[in-house]
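Take a look at the structure below.
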Amino acid sequence: MITQYLKGRPRSRLDLSAVSLGFQYDSPVPTDYLTSLYSWYDTSDSVSSSGNGSRVRSITDKGSKGNNLTTISGNPWHYTNVQNGKGAIFFNGTSFIAGSAQGSEAQPQTHFLVITPTGWGAGDQQEPVSMYNNSQCFYKPSGATTINTYAGNTLAGPSIGNNPYIIAATFDSSQSILSVNGSSYYTGNTSTGVASHNPTIGANGSSFGYTGYFMEWRVYKGLLTLAHIAQVKTYLNYKWAIY
């Protein structure tokens, strides 16, 4: 229940300042990467390529985990002026970028994803991002247009289309939440799946390929409060001009 987030649970709730969230709230520039922000993939400044319209070589992890994405499959293309004057990576439904397996990361976690789908429809399943073989992922089920999260069970979110989105989610068993742009929160049970820290963008290996642009993915270790989730979403909207 949302009220439990408002009241908080001391074992996992993160009481973080704006700076420890990875930015200064009065500034659009991220300045600090504390251990709570342990994975951060940002196409505005952390993509290695030969320039606009070229194949991606790698994405630097700006979080404390340091799990750079260097395994490139297919042709993910880097474009330097896609959203609000910033760069993005285009995935064609078969390409993906992955890191290496670096131990397991238990729940709870808080994720933020910024994407613009271009092939989102009632077709095959798509997974814009995942942590090792569906253990924790965002996905569109086959035959539907909803954005869901999964870590053993599915938390079904709202239907989305081919537009820019900021998607916020917590993975915390029966207390999980999901929100798209400025919408209300969906609640449900994603189960207790523990993922090897092996981030993949664009597909789950060679399956469930995503078609569209990827801009940013942040993973915080622990639960952010609803107030801090709103702060991060506001910051991301300021940065990317999504809604």
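With the working numbering, letter number 92 in the sequence shown gets 190, and the count goes up by one each step, no holes. A virtual CB, placed ideally from N, CA and C, is assigned to each residue, including glycine.
Query raised in the report: With respect to the beta strand (DSSP E) encompassing T298, which residues constitute its N-terminal and C-terminal limits?
Result: 297-299
Query raised in the report: In the DSSP assignment, what are the bridge partners of T158?
Result: T158 pairs with nothing; no bridge assigned.
Requested in this report: Closer than 6 Å by C-beta to S271: which residues in its own chain qualify, once you throw out the five before and the five after it? Chain order, please.
Outcome: T290
Query raised in the report: F210 bridges to which residues according to DSSP?
Result: According to DSSP, F210 shares a beta bridge with A266, R316.
Query raised in the report: Where do the N-terminal and C-terminal ends of the alpha helix (DSSP H) with T332 fall, by residue?
Result: 324-338
Query raised in the report: How long is the line joining the alpha carbons of G217 and Q200, rounded to whole angstroms?
Result: Taking the straight line joining both Cα atoms gives about 31 Å.
Query raised in the report: Would F306 pass as a contact of Q223 if the rule is Cβ separation under 8 Å?
Result: The criterion of a C-beta distance shorter than 8 Å is satisfied by F306 and Q223.
Requested in this report: Could you tell me which uninterrupted beta strand (DSSP E) segments, each at least 3 residues in length, are contained entirely in the segment 164-246, listed from first to last along the chain?
Outcome: 169-171, 175-181, 184-190, 194-196, 207-215, 224-229, 234-238
**Report entry** Straight-line gap, N182 to I213 (C-alpha atoms, nearest Å)
**Finding:** 13 Å
Report task. Following the continuous beta strand (DSSP E) through Y139, name the residue where it begins and the one where it ends. Result -> Start and end: 135-140.
Query raised in the report: Do the CB positions of N173 and G197 come within less than 8 Å of each other?
Result: no
Requested in this report: Would you give the residue range spanned by the beta strand (DSSP E) that G286 belongs to?
Outcome: Following the DSSP letters along the chain, one finds G286 inside the beta strand (DSSP E) bounded by residues 284-286.
Query raised in the report: If you draw a straight line from the alpha carbon of K337 to that of N287, how long is it in whole angstroms?
Result: Spanning the two alpha carbons is a distance of roughly 31 Å.
Query raised in the report: Helix, strand or coil for S271 per DSSP?
Result: helix
**Report entry** Nonlocal neighbours in the same chain, by C-beta distance under 8 Å from R153, ignoring five residues either side
**Finding:** S147, I170, N173, P174, W175, H176
Requested in this report: Use the C-beta contact count for T332: other C-beta atoms within 10 angstroms, 16 or more gives buried, fewer gives exposed.
Outcome: Exposed, because fewer than 16 other Cβ atoms sit within 10 Å of the Cβ of T332.
Query raised in the report: Which residue's Cα is closest to the Cα of Y311: V180, T252, Y136?
Result: V180
Report task. Would you mind working out which of G164, N150, G151 sits nearest L135, comparing C-alpha positions? Result -> G164
Query raised in the report: Can you name the start and end residues of the beta strand (DSSP E) that G255 belongs to?
Result: 252-257
Query raised in the report: Are the CB atoms of I327 and T208 nearer to each other than 8 Å?
Result: yes
Query raised in the report: Bridge partners of G291, per DSSP?
Result: Paired residues: none, contrary to the question.
Requested in this report: Can you check DSSP and say which residues form a bridge with N302?
Outcome: S305
Query - Residue from L324, A301, T309, A325 whose Cα sits closest to the Cα of I195 - result: A301
Query raised in the report: Under 8 Å between the Cβ atoms of A220 and A254?
Result: Not closer than 8 Å, so no.
Query raised in the report: Alpha carbon to alpha carbon, what distance is there between A266 and S282?
Result: The straight-line gap from Cα to Cα measures roughly 11 Å.
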